[in-house]
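A quick write-up on the structure given underneath.
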Amino acid sequence: MITNMDQKQNIKINCIVCPVGCRISVNNTENVLAISGNKCIKGFDFAKAEIEAPIRAYSTTVRTIFSEHPVLPVKTNKDVPKEKIIDIIRELSGIIITNRIGIGEKVVSNIAGTGCDIIASSNILKEQKYVKAV
Ligand code: SF4
Numbered sequence: 004m005i006t007n008m009d010q011k012q013n014i015k016i017n018c019i020v021c022p023v024g025c026r027i028s029v030n031n032t033e034n035v036l037a038i039s040g041n042k043c044i045k046g047f048d049f050a051k052a053e054i055e056a057p058i059r060a061y062s063t064t065v066r067t068i069f070s071e072h073p074v075l076p077v078k079t080n081k082d083v084p085k086e087k088i089i090d091i092i093r094e095l096s097g098i099i100i101t102n103r104i105g106i107g108e109k110v111v112s113n114i115a116g117t118g119c120d121i122i123a124s125s126n127i128l129k130e131q132k133y134v135k136a137v
């Protein structure tokens with residue numbers, strides 16, 4: 004099913020799968036997609052997904068109770084539907100980390116009903132601070 008292209012016949016997409024960054028053309032003629040400009044099959048798959056149901060990995064920070072590290076970097080454990088990212092931001096705005104969790108530990112399950120979890124992407128809360136005595 005083609006949804007995002009209903010209003011447009013031709014669109015250009017920058018492939019973000021690898022650093023080459025191919026500029027991909029997608030043409031929709033009578034609900035048949037013609038994809039060109041991609042240097043590999045991953046770009047084809049990316050462009051098709053961008054038209055039909057775009058997904059993204061999402062990274063951000065959430066607040067903590069720890070004064071030395073007031074925010075903790077976190078990310079989704081899988082790609083999530085792009086249309087859900089605003090809902091994810093809203094849900095995370097109410098989260099405050101109270102435990103010294105580390106990389107890969109779960110912060111929120113099933114964020115915004117996506118079936119994906121938010122996990123810590125840093126060990127900063129577990130790092131010890133050594134203060135040199137003078
Ligand atoms: S189409 Fe292939 S080579 Fe081009 S940016 Fe995408 S993944 Fe990289």
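Note that the numbering used here has the sequence shown beginning at 4, numbered continuously upward. The C-beta atom is built at its ideal place from N, Cα and C for all residues, glycine as well.
Between the ligand SF4 and the CB of Lys15, the shortest heavy atom gap is not smaller than 8 Å.
When beta bridges are read from the DSSP output, Leu95 appears opposite no residue. Environment of the ligand SF4, chain-ordered: Cys18, Val20, Cys21, Val23, Cys25, Asn41, Lys42, Cys43, Lys45 and Gly46, taking every residue with Cβ within less than 5 Å of a heavy atom. In the displayed model, Ile89 falls within a helix according to three-state DSSP. The segment 43-62 makes contact with the segment 78-86; the number of CB pairs closer than 8 Å reaches 3 or more. In this structure, the straight-line span from the alpha carbon of Gly105 to that of Glu130 is close to 9 Å.
The three-state secondary structure of Ala37, taken from DSSP, is strand.
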